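Everything on this sheet refers to the single structure shown next.
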Amino acid sequence: MFTWQLDDELALTFLQPDMATELYGLCQQNREYLAQWLPWVPFIQRRDDTATFIRHAIEGFARGDSLTTAIEYQGELVGVIGYNRIDQSLGKVTLGYWLAERWQGNGIIGRACQALIHHAFEEMGMEKAEISAALDNEASRAVCERLGMRLEGIVRRAERLGDRVVDHALYGLLRDEWLQQRDL
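Note that the sequence shown covers residues 1197 to 1380 in this note's numbering.
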């Protein structure tokens, strides 16, 4: 199993089938919180649904069009992050993530995003990293802004979340912009 240790507290681990029970439990514990911003939550009804998600994540990695990892903080599974889409022809990755409510406010997502952005630009040779977040998801939008991403626009009626349809704020960071930030 691949594990990328980011610092003393934080690691990203490639999703494995034996994580299904623990990941399902984390989703269940955070169901109401996650459903505010994520469309897939109602579809995770059984452990097998999580196992199917993990299988699809592994298949996406094998095809080279995605990478999904578990976030481990102080040795505990606390969420998921990865490249939801890798577009080699455009040189672009689209990041996606979620974090259990209990662990919000510890800088976990920001540090994990920084690592993935660094990897995308330095190891994969990508030219752009982007994140799309619901317009009202102030926490995710703040992460994007702390990462130095630019608001590129608002996508109206971008996603259904339960009984509502939300707009998305689309953020992007170009390799050249990232290099300038890094060198400051």
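Heads up, the beta-carbon is just placed ideally off N, CA and C, and yes, glycines get one too. Keep in mind the model is a prediction, meaning the values are calculated, not measured.
Under the rule that 16 or more other beta-carbon atoms within 10 Å means buried, what is residue i, buried or exposed?
i     : result
W1236 : exposed
L1208 : buried
A1335 : exposed
I1305 : buried
I1250 : buried
F1198 : exposed
F1257 : buried
F1239 : exposed
Helix, strand or coil for residue i? Go by DSSP, reduced to three states.
i     : result
S1285 : coil
F1198 : coil
A1230 : The question names Ala, but residue 1230 is Leu in the sequence shown. Helix, per DSSP.
W1299 : helix
D1379 : helix
E1326 : strand
L1222 : helix
W1294 : strand
Could you tell me the boundaries of the alpha helix (DSSP H) in which residue i lies?
i     : result
G1256 : R1243 to R1259
G1306 : I1304 to E1318
G1321 : Run containing G1321: none; DSSP gives neither H nor E here.
Excluding sequence positions up to five away, which residues of its chain have a Cβ less than 8 Å from the Cβ of residue i?
i     : result
Q1377 : G1344
D1203 : R1307
Q1201 : A1207
I1191 : Any answer about residue 1191 is impossible in this case: the structure gives the chain only from 1197 up to 1380.
R1346 : Y1367, G1368, L1369 and E1373
A1231 : V1237, P1238, L1357 and G1358
L1234 : W1294 and L1357
The beta strand (DSSP E) spanning residue i covers which residue range?
i     : result
E1334 : That residue, E1334, is in no beta strand (DSSP E); its alpha helix (DSSP H) goes E1334 to R1342.
E1268 : L1263 to Y1269
E1205 : Neither: E1205 is in no beta strand (DSSP E) and is coded neither H nor E.
V1237 : It is not in any beta strand (DSSP E) - V1237 carries neither H nor E in the DSSP assignment.
G1368 : R1360 to L1370
L1357 : R1346 to L1357
Please return the same chain residues whose Cβ sits closer than 6 Å to the Cβ of residue i, not counting the five positions on each side in sequence.
i     : result
I1327 : L1291, C1340 and Y1367
V1361 : R1353
A1253 : L1211 and T1264
message: Quick test of the definition: if touching needs 3 or more C-beta pairs under 8 Å, does the region 1210–1222 touch the region 1266–1273?
response: yes
Contact between the region 1287–1301 and the region 1318–1331 (3+ Cβ pairs under 8 Å): yes
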